[in-house]
Every structure is written in C-alpha cells, then in structure tokens.
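J.: Residue numbers (the working numbering): 15 to 178.
Cβ atoms here follow ideal geometry from the backbone N, Cα and C, with glycine treated the same way.
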Amino acid sequence: MVKAALETIDLESHCGSHPRLGIVDHICFHPLAQTSLDQAAWLARSVAADIGSNLHGLYSFSSKSWKKRFTYAKHKYTYVQVRLAKCLSERGGGIPSVQAMALAHGEDITEVACNLLEPSRVGADKVQREVERLAKKEGLSVGMGYFTDFSQEKIIQKYLKEYL
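1. Considering just the uninterrupted stretch of the beta strand (DSSP E) at I123, what are its terminal residues?
2. Measure the C-alpha to C-alpha separation of I169 and M158 and round it to an integer number of angstroms.
3. Output needed for Y160: all residues of its chain with C-beta closer than 7 Å, excluding positions within five of it in sequence on either side, in chain order.
4. Using 8 Å for Cβ pairs, my map puts I41 next to V61. What's the rounded Cβ distance?
5. How would you label I65, buried or exposed, when you count the other beta carbons within 10 angstroms and need 16 or more for buried?
6. For I123 and L174, what's the separation of their Cα atoms in angstroms?
7. Bridge partners of Y160, per DSSP?
8. For V112, report the span of its beta strand (DSSP E) as first-last.
9. Report the residue from H28, P110, V126, V141 whose alpha carbon sits nearest the alpha carbon of V96.
10. Output the boundary residues of the alpha helix (DSSP H) element that contains S60.
11. Nearest-angstrom Cα distance between V141 and Y93?
12. Using the C-alpha atoms, what's the distance from Q53 back to Q166?
13. Which term fits F43, buried or exposed, when burial requires 16 or more other beta carbons within 10 angstroms of its beta carbon?
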C-alpha cells in the first residue's frame with residue numbers, strides 16, 4: 015500500500031495541511047483477539063524495517079491499544095464547534111480517554127471527530143450525551159454520532175472470512 019501510494023502521488027504538485035498532506039498518514043497496528051500489544055509492536059517494527067529499507071521517506075511506526083473513531087456532527091463552520099471539541103476532549107477538561115478535534119471541510123462545514131481511546135470504559139453513548147449537553151448550552155442541536163471504522167469483532171470476522 016505504501017509503495018503504491020509513493021508511486022502514485024506527486025508530492026511536487028501536492029498541497030494541503032494535516033491531515034490531508036502527505037502520502038500515508040499512519041498505519042495502525044492494534045492487538046486484536048488474543049494478540050498482545052508486544053506482538054503488535056513486533057509487527058510494527060518489522061513492517062517499519064521493511065518499508066524503511068526498501069522505500070525512501072519519513073516514517074514513524076507504533077503499536078497502540080484499540081481505539082474507536084466516533085464522529086458526532088457536521089455543521090456550518092463556526093468557532094462553536096472548535097470550543098465544543100475542546101470541552102469534549104480530555105485535554106480540554108472533558109471526558110477522560112476521549113480525544114476530540116474540529117476538522118474543517120471547506121469553508122463552511124466542520125466535523126467534530128472523536129477518538130475513544132478506551133471504548134470499553136467510555137462508550138459512544140456517553141460521548142453522545144455530553145455532546146448534546148454542550149451543544150444545548152450553545153443553542154445548537156446535533157444529530158446522532160456514528161462510527162467511521164469497523165469494530166474489533168468485525169475486523170476479525172472479515173479477516174477470518176477472507177484468509178482462513
């Protein structure tokens with residue numbers, strides 16, 4: 015995948031800012047099923063060595079515990095979404111183990127995206143309730159959030175169906 019991306023994208027004509035700049039943002043190595051974090055780390059190092067010795071560029075690899083990506087709103091852009099994301103995020107004093115960021119999509123739409131770092135402890139239902147509470151204080155209404163990735167179980171199921 016990385017090789018195909020490097021061969022396809024011309025960085026001389028590419029422009030943008032994070033997270034839309036570059037070729038491959040990151041490759042996730044999460045321990046699924048009975049796999050340990052040490053095994054995921056070993057695989058990350060192995061892939062990094064392979065890519066680093068065969069391709070040129072800047073690479074950073076890591077293994078992390080599973081996280082879920084949950085998006086709760088797309089609205090006309092205002093600084094209110096930025097403030098909501100900050101209040102929702104643990105870093106801004108919000109829900110522990112939640113990272114939230116306001117991502118601009120063009121000039122007039124902002125998506126507030128969340129990483130649930132410990133989804134078994136803090137689920138989407140808790141995030142949804144807090145989003146609704148914060149939005150109400152700002153005079154906004156929000157729709158239901160949704161996941162942008164598969165669950166661990168679904169990934170394992172798809173892998174087993176495809177490869178075993």
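T.: Reading it off the structure:
1. Here residue 123 is taken as the residue at index 109 of the sequence shown, counted from 1. Segment 123 to 130, the beta strand (DSSP E) holding I123.
2. Reading the sequence shown from its first residue, position 155 is the one you call residue 169. Reading the sequence shown from its first residue, position 144 is the one you call residue 158. Answer to the nearest angstrom: the Cα atoms are 23 Å apart.
3. Here residue 160 refers to the residue found at position 146 of the sequence shown. The beta carbon of Y160 is closer than 7 Å to those of T85 in its chain, skipping five residues each way along the sequence.
4. Taking the first residue of the sequence shown as position 1, residue 41 is located at position 27. Taking the first residue of the sequence shown as position 1, residue 61 is located at position 47. That belief holds up - the Cβ atoms of I41 and V61 are roughly 7 Å apart, short of 8 Å.
5. Reading the sequence shown from its first residue, position 51 is the one you call residue 65. Under this definition I65 is a buried residue.
6. The residue you call residue 123 lines up with position 109 of the sequence shown. The residue you call residue 174 lines up with position 160 of the sequence shown. The straight-line gap from Cα to Cα measures roughly 38 Å.
7. The count along the sequence shown starts at 1 and reaches residue 160 at position 146. T85, per the DSSP bridge assignment.
8. Looking up residue 112 in the sequence shown gives position 98. Judged by DSSP secondary structure, V112 falls within the beta strand (DSSP E) whose first and last residues are 112 to 119.
9. Locating residue 96 in the sequence shown gives position 82, where the first residue counts as 1. Among H28, P110, V126, V141, the Cα nearest to that of V96 is on V126.
10. The residue labelled residue 60 in the question sits at position 46 within the sequence shown. 51 to 68 is the extent of the alpha helix (DSSP H) around S60.
11. As a working mapping, residue 141 is identified with position 127 in the sequence shown. As a working mapping, residue 93 is identified with position 79 in the sequence shown. Those two C-alpha atoms are separated by around 20 Å.
12. In the sequence shown, residue 166 corresponds to position 152, counting from 1. In the sequence shown, residue 53 corresponds to position 39, counting from 1. Rounded to the nearest whole angstrom, the CA to CA distance from Q166 to Q53 is 16 Å.
13. Reading the sequence shown from its first residue, position 29 is the one you call residue 43. Burial call: buried.
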